[in-house]
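Q: Protein chains in written order, with the numbering used here: chain A, 1 to 226; chain B, 1001 to 1602. Just so you know, even glycine gets a beta-carbon here, dropped at the ideal spot from N, CA and C. These numbers come from a predicted model, not from an experiment. Below are the structure tokens for one structure; questions will follow.
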């Protein structure tokens, strides 16, 4: 029993330490500035001002914080359709995994690690409450799988950006005088695959690639805060 | 009688004269030549290139490749040609030549012995071009001026042509561009073709490309009509010194190859037919040279030479601008430096910005727009892309160009004033600030997007400082990893310990024995004790409890074995009799059992 108690104490300490570290970093970096509702309202104001690029960018950011918000998704689709930007439909599995708030998925992963770990630890210590141990391990594994799948589906969005200027030239080389390979419409979402100085190598949903000035793109997840 | 004799003598002489050129022609090597008719055409028209061979049937020829001309074989012909009064069988190939652009084209010879021909093509709307085949329905006579031969110039090629190099100055600096004119005068009909463009003698000078299309004038010089063509170009000296310059021009001229006595004899023969067969006129290629012109080339002075002098010699003016004047941080802007004036623009290379604080600079590129036919005057524009790194009112320093002005004979420096430019915050950076809807210029687009929007949400209550999900944040990942590591470590740390299990079992057994001793239940005491000891010995010695014998107990435990054996005997006795040991006996046996169960014995 004493070993179990020690393990529990260590787990608690680790949790408390991690949370304290995360909280301290958040407090020291910058004051809170993102909220799903705030970003949604901001996106609405941009849409009303006739700026679909900035509207889609803020809808995308709001959807990161609240992926199951019906208003955010509805307005995002509406603005994209109004800007004549094609939308790639998501699969059922992706919809399920992305329906969970990423923050909740992250904490669910932590809970899964604790449940699975304690269940296996209890089996190691004694033989009583076998059903509880099995259930604990199963639930823990399910929570971990949920968090991992959510993270895997969310990972590409970490590198997505929205075109903010209509007819943004995608050049063949990362210099301002480079030849234009094609033009991007405003509000199109692209994937950034590389960067060189003031230019980003982007890939569209149709698979075309080109170098675009970073000033014409808005990263869905800003790389630098401030 | 005398008249009859004279007439007969003339006939005999004529027969001899007819036979003589046959030997002359047959002694020649393979004879082939090319002509192009007309040699001056307008854009949109075609000329016919005729390749003629006088030494048998002409085989297939390879059509030449001349940039700006297309060639098409349109037919063949055979016939007789009179050369020096002799009829020779000829074979010709006719090729249609169609130009795609105006200019003077040199068409290389299509047979090994033939010489190149020149085709002059003028624009369709060029009313000044001479020799235009299709003029107005009521042609106006060309304006012909009478002029003397330029001073110092002599007629060449039997008075059929002249060439003149016109240099406005006779003292120039190294690298300085000097506009020059090359005049070539030819007598139409006698000079059949130009076989190439005029070329400069002397390697100390460079002559830029001649103007594609020479100016043409008809002049009467010394009572003879001349077509005077003037090319414009730019001359530049590569080293200092005193030089004399001249120009060569290749021509084809019809020259009478007969002596004066022969011509007199031909006239004596009388009759146009006999004269035409004996006139001796044949095309001949000649190269005429202009009179030499003295030119003094001065070295550029070392005194006062700026460090950034790149070799520009001339008279230049500079100006600069930037576009757009208002931009957002990160947007590319174009800084333009315009250098205009006259001089050697190829050496005009102002140093654009390699580095500018708060700006990202890129290499500049240049373009030149000539202001005249030879590029002596014009405007050179340098374009340098810049990207502002920070927002606010920015000032771009002025640009400078150092050059040598041959008119003032000293180095000069042209400046441009600094340029102010307003840089706004980039769209990406301002994406979190609400737009000023009232200032939105695109009202139609705004209404289009606003119609189907769902309403705003109430004021937000929960906010976060990071859009990146927790599981992609390093502190959170570190905490998770630490947690998993601790759990894994605990799992290894609490691995089941057989000794600990034995000790727990022993403790339980001792508690039972103690309880039986306190109750005086000897039967239960010894029974429990024997079973516990047998289990303990069996586990310790890895044997079955049934295999443990008295001998083994004594051999493994020594004297203690005898006590254990005694305990087993008492257990049997207590089971089948009413033997009740005293409290002292129970304590002694308890000590013995505790010692064995807790591993104190072997």
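#1: Ordered along the chain, which non-local residues of its own chain (more than five positions away) have a Cβ less than 6 Å from that of residue 1241 of chain B?
#2: Any idea what DSSP makes of residue 100 of chain A, helix, strand or coil?
#3: Please report how far the alpha carbon of residue 67 of chain A lies from the alpha carbon of residue 42 of chain A, in whole angstroms.
#4: Buried or exposed for residue 1222 of chain B, please, with buried defined as at least 16 other CB atoms from any protein chain shown within 10 angstroms of its CB.
#5: Counting only Cβ pairs nearer than 8 Å, list the residues of chain A close to residue 1380 of chain B.
#6: From the DSSP output, in three-state form, read off residue 1451 of chain B for me.
#7: Going by DSSP, what residues sit across from residue 1403 of chain B in a beta bridge?
#8: List, in order along the chain, the chain B residues whose C-beta lies closer than 8 Å to that of residue 34 of chain A?
#9: Which residues in chain A have a C-beta closer than 7 Å to the C-beta of residue 1491 of chain B? List them in chain order.
#10: What residue does the alpha helix (DSSP H) around residue 1207 of chain B start on, and which one ends it?
#11: Less than 8 Å between the beta carbons of residue 1597 of chain B and residue 1536 of chain B, yes or no?
#12: Hey, out of A/105, A/53, A/44 and A/83, whose CA is closest to residue 149 of chain A's CA?
#13: Which whole-angstrom value describes the C-beta separation of residue 146 of chain A and residue 108 of chain A, a residue pair presumed to lie in contact below a C-beta threshold of 8 Å?
#14: Relative to the C-alpha of residue 198 of chain A, which residue among A/217, A/56 and A/51 is closest?
#15: With a threshold of 8 Å between beta carbons, is residue 67 of chain A in contact with chain B?
#16: For residue 1197 of chain B versus residue 1210 of chain B, is the C-beta distance shorter than 8 Å?
#17: Inspect the CB distances between the region 1547-1560 of chain B and the region 1510-1526 of chain B and report whether three or more fall short of 8 Å.
#18: So that I know if they touch, is there some Cβ in chain A lying closer than 8 Å to that of residue 1480 of chain B?
#19: Please list the segments of the beta strand (DSSP E) lying wholly inside the region 137-192 of chain A, counting only runs of 3 or more residues, in order along the chain.
#20: What do you reckon, are the CB atoms on residue 1557 of chain B and residue 1564 of chain B nearer than 8 Å?
#21: If we call anything under 8 Å between Cβ atoms a contact, is residue 1033 of chain B one with residue 1048 of chain B?
#22: At a cut of 8 Å, does the region 1286-1305 of chain B reach the region 1335-1346 of chain B through at least three beta carbon pairs?
#23: Identify whether residue 204 of chain A lies in helix, strand or coil by the three-state DSSP scheme.
#24: Rounded to a whole number of angstroms, what is the C-alpha to C-alpha distance between residue 187 of chain A and residue 173 of chain A?
#25: What are the start and end residues of the beta strand (DSSP E) that includes residue 1042 of chain B?
#26: Any Cβ of chain B within less than 8 Å of the Cβ of residue 64 of chain A?
#27: Which residues in the same chain have their Cβ closer than 6 Å to the Cβ of residue 63 of chain A, if we skip the five residues on either side of it in sequence?
#28: Whose Cβ in chain B lies nearer than 8 Å to the Cβ of residue 109 of chain A?
#29: Taking 8 Å as the CB-CB cut-off, is residue 80 of chain A touching chain B?
#30: Which complete alpha helix (DSSP H) runs does the region 1513-1569 of chain B hold, if anything under 4 residues is left out?
#31: Compute every distance between the C-beta of residue 55 of chain A and the non-hydrogen atoms of the ligand GTP, then say whether any falls below 7 Å.
#32: Please name the residue, chosen from A/96, A/52, A/219 and A/214, that lies closest to residue 151 of chain A on a Cα-to-Cα basis.
#33: Between residue 1309 of chain B and residue 1243 of chain B, what straight-line distance do the alpha-carbon atoms span, to the nearest angstrom?
#34: If distances are taken between C-alpha atoms only, which option among B/1332, B/1315 and B/1377 comes closest to residue 1414 of chain B?
#35: For residue 60 of chain A, count the other beta carbons within 10 Å of its own beta carbon; 16 or more makes it buried, fewer makes it exposed. Which is it?
#36: Suppose you measure from the CA of residue 1150 of chain B to the CA of residue 1162 of chain B; what does that come to, to the nearest Å?
A: Judging by the given coordinates:
#1: 1297
#2: coil
#3: 17 Å
#4: exposed
#5: Within chain A, no residue comes near residue 1380 of chain B; the closest Cβ sits about 17 Å away, beyond 8 Å.
#6: coil
#7: For residue 1403 of chain B, which the question treats as bridged, DSSP gives the partners B/1412.
#8: 1463, 1464, 1465, 1466 and 1467
#9: 120, 121 and 124
#10: Here residue 1207 of chain B belongs to no alpha helix (DSSP H); instead the beta strand (DSSP E) covers 1205-1207.
#11: yes
#12: A/105
#13: 6 Å
#14: A/217
#15: no
#16: yes
#17: no
#18: yes
#19: 160-163, 168-171 and 180-184
#20: Yes, Cβ-Cβ distance for residue 1557 of chain B and residue 1564 of chain B is below 8 Å.
#21: no
#22: no
#23: coil
#24: 23 Å
#25: 1040-1042
#26: yes
#27: 72
#28: Around residue 109 of chain A, the beta-carbon contacts reaching into chain B at under 8 Å are 1471 and 1480.
#29: no
#30: Counting whole runs of 4 or more residues, the region 1513-1569 of chain B contains the alpha helix (DSSP H) stretches 1522-1541 and 1550-1557.
#31: With respect to the ligand GTP, the structure shown offers nothing to examine, as it has no ligands at all.
#32: A/96
#33: Each residue's CA atom was taken as its position, placing residue 1309 of chain B and residue 1243 of chain B some 26 Å apart.
#34: B/1315
#35: Under this definition residue 60 of chain A is a buried residue.
#36: 10 Å
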